[in-house]
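One structure below.
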Amino acid sequence: MTEHYGDKLFKCEICDKMFRYNGNLKVHMRMHAGDKPFKCEVCDKMFMQQSYLKLHMRIHTGDKPFKCDICLKMFTQQSSLKSHMRIHCGDKPFKCEICDKMFRYNDNLKVHMRMHAEDKKFKCEVCDKRFMQQSYLKIHMRIHTGDKPFKCDVCEKMFMQQSYLKIHMRIHTGDKPFKCDVCEEMFMQQNNLQSHMRIHCVDKPFKCEICDKMFKHNHVLKDHMRIHTGDKPFKCEICDKMFRHNNALKVHMRIHTGDKPFKCEICDQMFRHQNLLKNHMRKHTGIKPFKCEICEEMFIQESTLLSHMRMHTRDKPIQMLNL
Numbered sequence: 006m007t008e009h010y011g012d013k014l015f016k017c018e019i020c021d022k023m024f025r026y027n028g029n030l031k032v033h034m035r036m037h038a039g040d041k042p043f044k045c046e047v048c049d050k051m052f053m054q055q056s057y058l059k060l061h062m063r064i065h066t067g068d069k070p071f072k073c074d075i076c077l078k079m080f081t082q083q084s085s086l087k088s089h090m091r092i093h094c095g096d097k098p099f100k101c102e103i104c105d106k107m108f109r110y111n112d113n114l115k116v117h118m119r120m121h122a123e124d125k126k127f128k129c130e131v132c133d134k135r136f137m138q139q140s141y142l143k144i145h146m147r148i149h150t151g152d153k154p155f156k157c158d159v160c161e162k163m164f165m166q167q168s169y170l171k172i173h174m175r176i177h178t179g180d181k182p183f184k185c186d187v188c189e190e191m192f193m194q195q196n197n198l199q200s201h202m203r204i205h206c207v208d209k210p211f212k213c214e215i216c217d218k219m220f221k222h223n224h225v226l227k228d229h230m231r232i233h234t235g236d237k238p239f240k241c242e243i244c245d246k247m248f249r250h251n252n253a254l255k256v257h258m259r260i261h262t263g264d265k266p267f268k269c270e271i272c273d274q275m276f277r278h279q280n281l282l283k284n285h286m287r288k289h290t291g292i293k294p295f296k297c298e299i300c301e302e303m304f305i306q307e308s309t310l311l312s313h314m315r316m317h318t319r320d321k322p323i324q325m326l327n328l
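Numbered by the numbering used here, the letters in the sequence shown go through residues 6 to 328 in order.
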């Protein structure tokens, strides 16, 4: 039954799985043999390992030793608590490989996959994407036509879908229907609440093997790995520039399209990037966060501070200061 091999000395002759200890191999062999020597005295259910019986007994005793620190709900197993924590953290580790939609539980992903398996009779003639209902295709076509039939009566901004308008209206009404159960902070959108919940959840199970940085989500780790590999899979079709992230490509495309989606509410000036708007707003607020460590003069932008520092260094190369 056994064979010595490297650090794991004991090998299963059926599936070739290796084990460090002979006792572990013996327990494993029960899976192949169907042997379940441990019996529940209450319901007569049989188990392969004594630890499984111990976990099962909590159903009869009502013992729930694992507690959620956020909502205080109790669980019989640690794995159940870990799954439950996704509600608070907004963690969705299960990804659809077809449409990239994320799910909290694998069962939900399985249900979702049936949607892709169903017949999609309605095809977009522009991009070949298929839909189950003609109404879905009609909504989708607005992406290609640019049609935005839903108008905000307050600011006259137009939207492709009524649901988008509904979310937008909260900016004007101040409505924040999504509440954090931990700190009671309110949010306009559910995805903002989910992002916020990660503040309260410290679990980061995904580790970069190169720099040891930890991540809450596996897809974020995959994005991070491009820093080490140098991989830039997103290409601008106009100038061929490559980007590490799709969002960076989207921002870059504004150079070609001239799109400036960020507007100053005071002077109506438009900006390509949100950080440019943020810098611009300091002109209105008077905030000067960048300080010269030599003469203590304050500046609105870091670039202005660096120019100023040349006066003190007499045009010598300037090292970035830890402000």
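All residues carry an ideal CB built from backbone N, CA and C; glycine is no exception. The structure displayed is predicted, hence computed values, not measured ones.
- Ranked by Cα distance from PHE183, the options HIS177, ILE176, MET193 and GLN55 are led by MET193.
- Straight-line measurement puts the Cα of MET34 at about 12 angstroms from the Cα of PRO42.
- Going by C-alpha positions, HIS229 is about 17 angstroms away from LYS100.
- Contact between the stretch 50 to 65 and the stretch 166 to 178 is absent, with fewer than three C-beta pairs closer than 8 angstroms.
- In the assembly as shown, MET247 is an exposed residue. Its beta-carbon has fewer than 16 other beta-carbons within 10 Å.
- Each of LEU14, THR150, MET174 and GLY151 was checked against the Cα of GLU161, and the nearest Cα belongs to MET174.
- No residue range can be given for GLY67, since it is assigned to no alpha helix (DSSP H) and is classified by DSSP as neither H nor E.
- In this structure, GLU302 and HIS313 form a Cβ contact; the two beta carbons are roughly 7 angstroms apart against a cut-off of 8 angstroms.
- Spanning the alpha carbons of SER308 and PRO266 requires a straight line of approximately 24 angstroms.
- Of the residues ILE305, HIS285 and MET286, the one whose Cα lies closest to the Cα of PRO294 is ILE305.
- With three or more CB-CB distances shorter than 8 angstroms, the stretch 101 to 108 counts as touching the stretch 117 to 135.
- The C-beta of ASP96 has 16 or more other C-beta atoms within 10 Å across all chains shown, which makes the residue buried.
- Our two residues, PRO154 and LYS69, have alpha carbons roughly 53 angstroms apart in a direct line.
- Judged by their CB atoms, LEU30 and CYS17 are nearer to each other than the 8 angstroms cut-off.
- Remark: C-beta atoms of LYS143 and ARG135 do not approach each other more closely than 8 angstroms.
- Secondary structure at MET53: coil, using DSSP grouped into helix, strand and coil.
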